[in-house]
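This report concerns only the one structure given below.
Number of protein chains: 2
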Amino acid sequence: MSDLLKQFENYKVQKLDINMARGKPCPEQLNLSLPMLDIVNSKSNCFDEDIDCRNYSALEGIPDCKKLFADILDIPSENILVEGASSMNIMHNLLSKSIISGICGEKPFSKQGKIKWLCPVPGYDRHFAMTEYFGFEMINIPMDDNGPDMDLIEEYVKDPQVKGIWCVPKYSNPTGIIYSDEVVRRFARLKPAAKDFRIYWDNTYISQLSFNGEEEPILNIFDECKKYGSEDLVYEFASTSKMTFPGSGVSAVALSDNNKKDYLNYLQYQLICFDKLNQLRHALFLKDKKTIIEHMKKHAKILKPKFDLVLKIFDEELKDIAIWSKPTGGYFISLYVKDKAKEVVEKCKEMGVTLTKAGSAYPYRKDPDNSHIRIAPTYLADDELETATRVICLAVKLVK
Amino acid sequence: MSDLLKQFENYKVQKLDINMARGKPCPEQLNLSLPMLDIVNSKSNCFDEDIDCRNYSALEGIPDCKKLFADILDIPSENILVEGASSMNIMHNLLSKSIISGICGEKPFSKQGKIKWLCPVPGYDRHFAMTEYFGFEMINIPMDDNGPDMDLIEEYVKDPQVKGIWCVPKYSNPTGIIYSDEVVRRFARLKPAAKDFRIYWDNTYISQLSFNGEEEPILNIFDECKKYGSEDLVYEFASTSKMTFPGSGVSAVALSDNNKKDYLNYLQYQLICFDKLNQLRHALFLKDKKTIIEHMKKHAKILKPKFDLVLKIFDEELKDIAIWSKPTGGYFISLYVKDKAKEVVEKCKEMGVTLTKAGSAYPYRKDPDNSHIRIAPTYLADDELETATRVICLAVKLVK
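Just so you know, the protein sequences line up as chains Y and L, in that order.
Under our numbering, think of the first position of the first sequence as 1, with each following residue one higher.
Under our numbering, think of the first position of the second sequence as 1, with each following residue one higher.
Structure (structure tokens):
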């Protein structure tokens with residue numbers, strides 16, 4: 001038995017059960033926000049201006065939380081709606097609206113035949129799963145370190161059936177790149193044939209700092225759009241999922257005046273209001289951009305050693321047999337093992353380590369090169385993280 | 001100048017600004033739940049079983065909150081999904097799903113031509129606004145003290161284009177009636193032509209007690225459906241909006257096994273999970289049915305004098321010139337002023353008292369008798385409530 005096989009058998013008998021599939025913050029990160037749970041209590045004045053956050057009202061969100069996201073996104077607060085815990089849910093809602101009743105007076109997608117959607121790859125699996133479920137035809141757009149291939153996008157949007165594009169412009173999931181200024185500008189200058197084409201600008205990591213605790217700004221797409229009168233092109237999303245408690249935070253969408261009016265006309269029939277007590281909790285805890293930066297430095301401090309560890313082990317073990325991204329921030333590392341991604345993920349599973357399914361970062365789960373593996377170092381404790389990473393390296397060597 | 005006109009002028013100069021349009025709990029009711037805001041704090045164990053409520057997971061809701069609604073609804077917890085703050089949002093989501101991708105394998109509503117919807121009247125304005133927005137053809141179903149006219153419903157559901165019905169079976173909004181056992185049984189025995197016909201059983205007041213603090217049970221429609229194998233007919237909704245904080249509570253939907261599977265297959269593409277910390281807060285505070293009953297007695301104690309006051313003034317002032325409901329629970333009184341509802345609401349507005357728009361309780365805001373006015377006594381403090389009620393009585397007399 002070869003040495004590699006012996007190691008493989010050795011891992012198998014350990015019956016490991018390590019899940020590295022999702023980009024979840026680790027418990028130490030969650031602990032950073034525990035003080036927020038005391039901030040709205042039985043002694044609190046639960047008012048924001050004249051709004052009693054304990055009662056019905058304020059569909060657009062409370063003023064202080066709108067201001068918070070205005071500060072984060074550098075967009076006027078009147079262009080921001082604050083909703084519930086999930087920005088993904090807002091994207092889904094805007095897509096549902098597009099299908100059912102259309103965008104800004106255009107025909108509903110359900111009456112426009114085949115809908116096509118641009119998907120920079122590798123990208124976020126949950127984005128692609130959503131547009132696949134809705135039956136849109138998804139088109140791969142290759143990405144490099146500057147962002148998606150803009151030449152290709154400018155070509156594709158000449159087709160009036162192309163109605164939108166998914167973007168994670170900062171610390172892109174899963175490659176970790178930040179869209180360059182030029183890419184952002186070309187998005188703002190886009191002239192799609194379809195009037196109801198929208199850029200889904202999922203800026204979920206906007207407040208994230210680099211692992212070294214530094215700000216890595218990205219060009220403000222709304223400012224750029226203003227220069228070209230194209231503000232209606234963009235829906236920008238943000239949330240506190242990676243700041244406080246994922247799934248129990250608040251989310252927001254920034255919209256041009258036209259888009260806001262259009263969306264509110266849908267939303268007003270959907271519910272009375274979102275959870276304003278949780279909005280108040282977040283507004284009081286995160287306060288402003290300065291406070292957020294201090295808070296995010298603590299996150300960076302926890303994340304850095306985890307990414308360092310994985311990258312160090314990859315360096316030690318995978319030099320010359322694989323390539324991988326070296327992100328400065330975000331939640332993922334992309335590992336590339338040409339023609340062997342599926343096999344590596346399967347081997348890891350056999351050794352008790354669950355990774356995101358191979359192909360997940362591509363529409364229809366079809367990685368044309370069967371190469372990309374999404375590595376999520378954030379959730380695991382250091383010992384498990386080291387074990388999981390060694391298992392991944394062994395799997396790569398085994399299938400080579 | 002007549003005495004009535006003098007009174008009218010007298011109110012006008014007072015420049016009142018009293019809003020009695022919505023069924024909102026009053027501040028004293030909200031205060032009852034303030035201790036809940038301390039229950040999940042920085043020292044808490046935020047786990048429910050093995051679920052860290054601070055992180056992503058548990059799309060169906062946390063076990064303890066599912067059990068809570070299981071207890072409230074008397075339905076197994078595996079048939080319950082706990083979502084975010086708004087049950088209206090769940091209804092909207094199920095309707096969106098019906099339109100976009102259909103129900104349990106049937107064709108999407110968007111591909112089935114004209115969709116018709118049954119609307120017991122008078123009913124809840126927000127229900128009707130939702131189905132109107134979606135372009136469904138709404139059909140009035142008269143109600144009496146036992147519930148909707150079941151003969152008519154049994155007739156209408158023979159039409160395969162009729163896809164659903166709105167019901168508020170307990171303390172019906174706005175008449176306050178409770179559906180009789182026979183009505184519930186006839187719903188359970190319904191044989192609609194459309195396989196994708198669903199009863200939207202909005203049991204939002206299920207935990208409400210009578211103003212005297214007594215339980216007024218309603219027959220469990222799921223139990224009845226089981227007898228006829230018709231569990232797939234019903235979506236049942238509940239929420240804590242009238243127990244804790246409206247708009248910041250938790251909501252739930254009870255679904256048959258088939259409907260649950262069908263809905264989850266939609267929901268899983270929509271978001272990762274709902275706010276589990278708020279679910280935990282509610283599960284720890286409301287605990288079980290017994291605890292809820294004690295809590296709801298306190299609500300009843302606050303509500304009773306408000307309803308008594310309005311009914312007493314109506315008795316004094318409107319005998320022989322109007323009729324009105326005398327609900328045992330719920331949030332509304334229905335006042336009937338044949339052919340004059342619009343005029344009464346306008347006159348009230350002139351005197352500075354805003355009521356729900358006349359006609360609101362009917363599809364398309366068209367009350368065939370221009371008779372029904374929805375009175376919402378809950379939110380106002382006693383002095384304002386008395387003033388508003390006197391204004392309403394004066395308005396009725398003025399237009400007669």
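C-beta: ideal position from N, C-alpha, C; glycine also.
First through last residue of the beta strand (DSSP E) which encompasses residue i
i	result
L/A300	Note, L/A300: premise wrong, no beta strand (DSSP E); alpha helix (DSSP H) at K289 to L318.
Y/K340	Here Y/K340 belongs to no beta strand (DSSP E), and DSSP marks it neither H nor E.
Y/A254	S251 to A254
Y/I414	Chain Y is shown only over 1 to 400; residue 414 of chain Y falls outside these bounds and no answer can be derived.
Y/I177	Looking at the DSSP string, Y/I177 is not in any beta strand (DSSP E), and its letter there is neither H nor E.
L/K163	V162 to C167
L/R365	Per DSSP, L/R365 belongs to no beta strand (DSSP E) and is neither H nor E.
L/R374	H372 to I375
Contact check, residue i vs residue j, beta carbons under 8 Å
i	j	result
L/I62	L/A70	no
Y/Y200	Y/C167	yes
L/W117	L/G164	yes
Y/G84	L/D48	no
L/S360	L/D125	yes
L/G247	Y/I272	yes
Y/S210	Y/G329	yes
Y/I75	Y/A188	no
L/T244	L/H282	yes
L/Y11	L/G249	no
Y/I141	Y/P169	no
L/I54	L/C65	The residue you asked about is not Ile; residue 54 of chain L is Arg in the sequence shown. Against a cut-off of 8 Å, the Cβ pair of L/C65 and L/R54 comes out as no contact.
Y/N173	Y/Y379	no
Y/S42	L/D38	yes
Y/Q268	Y/L59	yes
Y/D223	Y/G102	no
Y/L355	Y/V345	yes
L/Q279	L/V82	yes
Y/S239	Y/A252	yes
Y/L284	Y/V40	yes
Assigned exposure category for residue i - 16 Cβ within 10 Å defines buried
i	result
Y/Y228	exposed
L/Q14	exposed
L/K425	Missing from the structure shown is residue 425 of chain L; chain L here goes from 1 to 400 and no further.
Y/P217	exposed
Y/D202	buried
Y/E231	buried
Y/N265	exposed
Y/P25	buried
L/A341	buried
Y/Y364	exposed
L/P368	exposed
Y/N258	exposed
L/N212	exposed
L/S207	buried
Y/D382	exposed
L/S2	exposed
Y/P192	buried
Y/G113	exposed
L/K97	buried
Integer Cβ distance of residue i from residue j, believed to fall under 8 Å
i	j	result
Y/Q7	Y/L394	6 Å
Y/A388	Y/M20	5 Å
L/A322	L/V396	5 Å
Y/W324	Y/I313	Not a contact, Cβ separation roughly 11 Å.
L/F134	L/I99	6 Å
Y/I177	Y/D145	5 Å
Boundaries (first-last residue) of the alpha helix (DSSP H) holding residue i
i	result
Y/M143	No alpha helix (DSSP H) holds Y/M143; the beta strand (DSSP E) holding it covers E137 to D144.
Y/Y235	Taken as a continuous stretch (DSSP letters only), Y/Y235 belongs to no alpha helix (DSSP H), being part of the beta strand (DSSP E) at V234 to S239.
Y/I153	M150 to Y156
Y/I72	P63 to L73
L/V13	D3 to V13
L/K397	D382 to V399
Y/R22	Run containing Y/R22: none; DSSP gives neither H nor E here.
L/Q279	K276 to L286
Threshold first: 4 residues or longer. Then list the alpha helix (DSSP H) segments lying entirely within the segment 76 to 120 of chain L, N to C.
87 to 100
Whole alpha helix (DSSP H) runs in the segment 179 to 229 of chain L with 4 or more residues, listed along the chain?
181 to 188 and 221 to 228
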